[in-house]
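Throughout the sequence shown, residue numbering follows this note's numbering, covering 202 to 419 in sequence. The structure appears right after this line, and notes come after that.
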Amino acid sequence: MSQSLLSIQDLNVAIDRIPILRNVNMEVPKGAMVGLIGRNGAGKTTLIRSIMGLMPVDAKKLEVNGENLVNVASHGRATRGISYLPEDRRLIPSLTVEENVLLPSWANGIKDSAERLQWIYSLMPEVKEFRDRRALQLSGGQQKLVALARALMPGRTLLLLDEPFEGVAPVLSRRLTEVIATLRSTGMSIILSESDDTHSADLVDRVFRIERGVVTAG
Ligand code: ATP
Numbered sequence: 202m203s204q205s206l207l208s209i210q211d212l213n214v215a216i217d218r219i220p221i222l223r224n225v226n227m228e229v230p231k232g233a234m235v236g237l238i239g240r241n242g243a244g245k246t247t248l249i250r251s252i253m254g255l256m257p258v259d260a261k262k263l264e265v266n267g268e269n270l271v272n273v274a275s276h277g278r279a280t281r282g283i284s285y286l287p288e289d290r291r292l293i294p295s296l297t298v299e300e301n302v303l304l305p306s307w308a309n310g311i312k313d314s315a316e317r318l319q320w321i322y323s324l325m326p327e328v329k330e331f332r333d334r335r336a337l338q339l340s341g342g343q344q345k346l347v348a349l350a351r352a353l354m355p356g357r358t359l360l361l362l363d364e365p366f367e368g369v370a371p372v373l374s375r376r377l378t379e380v381i382a383t384l385r386s387t388g389m390s391i392i393l394s395e396s397d398d399t400h401s402a403d404l405v406d407r408v409f410r411i412e413r414g415v416v417t418a419g
């Protein structure tokens, strides 16, 4: 049996007492890429934010590498190598690309940030090329790559990609696909959400479907 990197058991999330996620159970094997497919409003973002520690949850178990993280705050999860690419890019427009990529290292005191930056630049040479431009000077798709670069700064264990292809033009979608496939080949575990499986079908090892807060293995 493959070892789980992420193991979730009986996870429930309610907002203003309205149940948003119901009894979610999910296993992500080490090094696997899984799709999380569901329509708008199904609960994908809420589940991803719950894994990142950005939502109050009720769960029997939310383990990464065998450690229960239910009571660990988001920065503690980041230092354990969990990283998150939000659906909206949230770059700081007036900062340069490199400053945006380095932001998590300032916030979390990452010691090997120079080495990580070089690794990110080798993965995405175009981000290195843009490094002195201000984020606001980039196209939406380019900003997505920079946001992914920034997400990779703190950690390389589990990468949470919330609808990464949404609103990205075809050329950059292909490039994003390549980068995600390369990340996967480094052994990183990845959860990739999408409203349908247009981009994820060829990338993922298995699919979880989510509908009205209920997750089923597909
Ligand atoms: P989308 O792609 O539209 O973001 P999603 O699958 O990521 O869809 P979520 O954003 O997780 O879905 O939302 C799941 C449900 O929770 C939706 O019905 C949404 O209206 C509700 N919801 C999310 N955040 C809140 C909030 N802060 N207050 C009230 N309801 C919320």
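Beta carbons are placed, not taken as given, at the ideal position from N, Cα and C, and that holds for glycine. Please read all numbers here as calculations on a predicted model, not as lab measurements.
- Query: Is the distance from the Cβ of Leu212 to the Cβ of Gly282 below 8 Å?
  - Reply: no
- Item | For ligand 1, residues whose Cβ lies under 5 Å from any non-hydrogen atom | Selection output, chain order preserved: Ile216, Ile221, Asn241, Gly242, Ala243, Gly244, Lys245, Thr246 and Thr247.
- Rank Leu296, Ile219 and Arg218 by C-alpha distance to the C-alpha of Ala348 and give the top, closest one. Here the closest residue by C-alpha is Leu296.
- Which residues in the same chain as Leu393 place their Cβ atom closer than 6 Å to its Cβ, once the five residues preceding and following it in sequence are excluded? Spatial neighbours of Leu393 in its own chain (CB-CB distance under 6 Å, excluding positions within 5 residues in sequence) are listed in chain order as Gly236, Leu362 and Ser401.
- Task: Would you kindly check if the distance between the Cβ of Ala233 and the Cβ of Arg407 is under 8 Å?
- Result: yes
- Could you say if the stretch 337-351 and the stretch 265-278 meet the contact criterion of at least three C-beta pairs nearer than 8 Å? no
- Message: I'd like the list of long-range same chain contacts for Leu337, defined as Cβ closer than 6 Å, with 5 residues on each side in sequence excluded.
- Response: For Leu337, where only same-chain residues beyond five positions count, the Cβ hits under 6 Å are Pro294.
- Message: Give me, in chain order, the residues of the same chain whose beta-carbon lies closer than 6 Å to that of Arg334; leave out the 5 immediate sequence neighbours on both sides.
- Response: Val298
- Message: Suppose you measure from the CA of Ala243 to the CA of Glu330; what does that come to, to the nearest Å?
- Response: 38 Å
- Query: When burial is assigned at 16 or more other CB atoms within 10 Å of the CB, is Pro257 buried or exposed?
  - Reply: Pro257 is exposed by the Cβ-count criterion.
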